[in-house]
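In the numbering used here, the protein residues as written are 896 to 1126.
From the three backbone atoms N, C-alpha and C, an ideal C-beta is built for every residue, glycine too.
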Ligand SMILES: Cc1cc2nc3c(=O)[nH]c(=O)nc-3n(C[C@H](O)[C@H](O)[C@H](O)COP(=O)(O)O)c2cc1C
């Protein structure tokens, strides 16, 4: 079956983890957000709130969080101070999800030549999250704490719409839950109110096509394995 242009945009989305420094015009970012705001949301609540970081605001957040991330490694007693505000992942992992997670992690590290005991390189690779993988644009997404769990469903639709719209303009993205533990640094930095909760971050820019990390292509479970057809 041939892929439609929409199929192509969806299928070509991948989590890019190396970006060039090519800037993204503000008008284009605004257009992506405007298009993505057509995403559906329960009773049209549109619970998204977006903070776009570029230039100095991006760079100073990167420096602050990388410094803390290094400090946490040197002194693990600091880790509990940087807890996520909501459980993105389960408290207790079960199969098949843990297997897919491991396959994903080791696949990426393997591609980067990072072995199981190579804690320094792992830390470095993980820290690239906190540099937005060098993307010139970082985004932070928040939701009003008063909203229900369904708002995270709405958010998923919105985030995917940004990522797919980005593909239509030759841009790439990486959605990032890695920032979530650092909300007590991020929220004051972006000027978010106490009534807001950090949902996740996202890197946006032009992928560095020469970077090995961007050759990482993730598998998917076949349709027949997750679909039950009822006649
Ligand atoms: C909400 C969300 C948060 C994610 N957080 C991170 C992250 O912090 N760092 C990262 O490198 N990838 C992150 N990812 C990317 C996933 O690892 C990736 O989507 C998955 O492995 C499938 O690969 P693909 O996006 O290339 O298709 C996140 C994805 C989603 C949807």
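Short of 6 angstroms from the beta carbon of residue 931, and not among the five residues preceding or following it, lie these beta carbons of its own chain, in chain order: 1053, 1056, 1057 and 1060. Straight across, the Cα-Cα distance linking residue 978 with residue 984 is about 13 angstroms. The alpha carbon of residue 1096 has as its nearest neighbour, out of 1085, 969 and 991, the alpha carbon of 1085.
Taking C-beta atoms as the reference points, residue 1080 and residue 959 count as a pair closer than 8 angstroms.
Short note on residue 1072: C-beta closer than 7 angstroms to some heavy atom of ligand 1.
Between residue 918 and residue 1083, the C-beta gap is not smaller than 8 angstroms, which leaves the two residues out of contact.
Comparing alpha carbon positions, the residue from 1029, 1033 and 955 closest to residue 948 is 1033. At a Cβ-Cβ threshold of 8 angstroms, residue 1003 and residue 1111 count as neighbours. Residue pairing by DSSP places residue 1100 opposite 1067 in a beta bridge. Just measuring C-alpha positions, the residue of 1037, 961 and 1029 sitting nearest residue 1069 is 1029. Residue 975 and residue 1076 have their C-alpha atoms roughly 9 angstroms apart. Residue 946 places its beta carbon less than 8 angstroms from that of residue 1035.
Fully enclosed beta strand (DSSP E) runs of no fewer than 3 residues occupy 944–948 of the region 938–967, in order along the chain.
Residue state for residue 1088 is assigned as coil, using DSSP reduced to three classes. For residue 1118, the enclosing alpha helix (DSSP H) has its first and last residue at 1118–1121.
Secondary structure remark: continuous alpha helix (DSSP H) runs of at least 4 residues inside the region 1025–1074, in chain order: 1045–1063. Going by DSSP, residue 1076 is part of no alpha helix (DSSP H) at all; its letter is neither H nor E. Distance from the CA of residue 909 to the CA of residue 972, rounded to the nearest whole angstrom, comes to 35 angstroms.
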